[in-house]
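Position in the sequence shown counted from 1, then plus 46, gives you the numbering used here. Let me begin by presenting the structure, written as structure tokens, before commenting on it.
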Amino acid sequence: ENQLVLLGEHGWLAMVVSAEQAAAMPRLRSLDDAEADLPTRLRSYLDANCSGCHQPASRVGDHAFLDLRFVTPLAQQGLVDGEAHNALGIEHGRVLAPGHPERSVMLDRVTRRGDPFAMPPLGSGRPDPVFTAQLRLWIEGLAAAK
Numbered sequence: 047e048n049q050l051v052l053l054g055e056h057g058w059l060a061m062v063v064s065a066e067q068a069a070a071m072p073r074l075r076s077l078d079d080a081e082a083d084l085p086t087r088l089r090s091y092l093d094a095n096c097s098g099c100h101q102p103a104s105r106v107g108d109h110a111f112l113d114l115r116f117v118t119p120l121a122q123q124g125l126v127d128g129e130a131h132n133a134l135g136i137e138h139g140r141v142l143a144p145g146h147p148e149r150s151v152m153l154d155r156v157t158r159r160g161d162p163f164a165m166p167p168l169g170s171g172r173p174d175p176v177f178t179a180q181l182r183l184w185i186e187g188l189a190a191a192k
């Protein structure tokens with residue numbers, strides 16, 4: 047049974063959600079979900095793993111100009127060709143530089159470990175190889191989409 051339906055029926059939510067409403071809601075997709083397109087899979091990953099800090103309501107310091115919540119439209123997230131709060135010395139660095147993985151600060155940060163600019167800053171001993179490979183593919187493909 048859908049968790050939102052069940053929680054609503056038992057009074058744990060402020061509203062009751064029908065099965066039809068729950069089925070129509072956007073949902074996060076895993077990186078290996080072949081039915082979802084690449085941007086949806088990556089934005090889902092960013093929501094699940096990064097949006098806790100990288101969103102306007104975060105109270106955990108200054109988190110650049112990003113809003114990585116899945117519900118935020120891509121054009122408003124600050125990802126694609128977004129201004130990098132700290133480009134880490136990368137010339138013409140952008141959050142995701144369409145067609146230029148070498149200029150994409152996010153890709154640089156998620157592949158680092160053991161320094162203050164690594165993302166995530168805690169709880170990860172090595173970069174996620176599936177995520178970083180798919181992120182690189184998306185960045186490369188963004189040039190064609192422009």
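Heads up, the beta-carbon is just placed ideally off N, CA and C, and yes, glycines get one too.
{"query": "So what does residue 126 bridge to, in DSSP terms?", "result": "142"}
{"query": "How is the alpha helix (DSSP H) around residue 90 delimited, first residue to last?", "result": "84-96"}
{"query": "Check for me: the alpha helix (DSSP H) holding residue 51 runs from which residue to which?", "result": "49-55"}
{"query": "If you follow the alpha helix (DSSP H) that residue 153 is part of, which residue opens it and which one closes it?", "result": "151-157"}
{"query": "From which residue to which residue does the alpha helix (DSSP H) around residue 68 run?", "result": "65-70"}
{"query": "Identify whether residue 163 lies in helix, strand or coil by the three-state DSSP scheme.", "result": "coil"}
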